[in-house]
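Before any comments, here is the structure.
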Amino acid sequence: MDHVRKADERRAAIYRQMTPTRRLQQAVRLNRQMRSLMDAGLRAQHPDWYEAERRRGIAERILHARTE
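So the numbering used here is basically just the index in the sequence shown, starting at one, shifted up by 101.
Structure follows, in structure tokens:
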């Protein structure tokens, strides 16, 4: 797992070099990308769901997400 630690250290170094505005922009971009991927997954799993149902499904997944 040494490669994971090294990748994390490199990523942290990159973020430290960013301005606060740039870090916020990056966070917003990653959030939108994550939501778009989740929406695509829900569309594939539930083609009959309306957009509001998919949004609710995304919100529930985010609310109940865990990191370990």
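For every residue, glycine included, the Cβ atom is placed at its ideal position computed from N, Cα and C.
Note that the structure is a prediction, hence the values are computed from the model and not measured.
Coarse secondary structure for residue i, derived from DSSP in three states
i	result
THR120	coil
Residue i versus residue j - alpha carbon distance
i	j	result
ARG157	LEU143	11 Å
THR120	ASP149	43 Å
LYS107	GLN118	17 Å
GLU152	MET135	16 Å
ALA114	HIS165	30 Å
Cutoff 7 Å; reference residue i; Cβ partners in own chain excluding five residues on either side
i	result
ARG124	TYR116
Nonlocal neighbours in the same chain, by C-beta distance under 8 Å from residue i, ignoring five residues either side
i	result
HIS147	GLU154, ARG155, GLY158
Proximal residues to residue i (C-beta, below 6 Å), its chain only, five neighbours per side dropped
i	result
GLN127	none
Rounded Cβ spacing between residue i and residue j (contact assumed at less than 8 Å)
i	j	result
MET139	ARG162	6 Å
At 3 residues or longer, what runs of the beta strand (DSSP E) sit wholly inside the stretch 103-169? Runs of the beta strand (DSSP E) lying entirely within the stretch 103-169 and spanning at least 3 residues: none are present.
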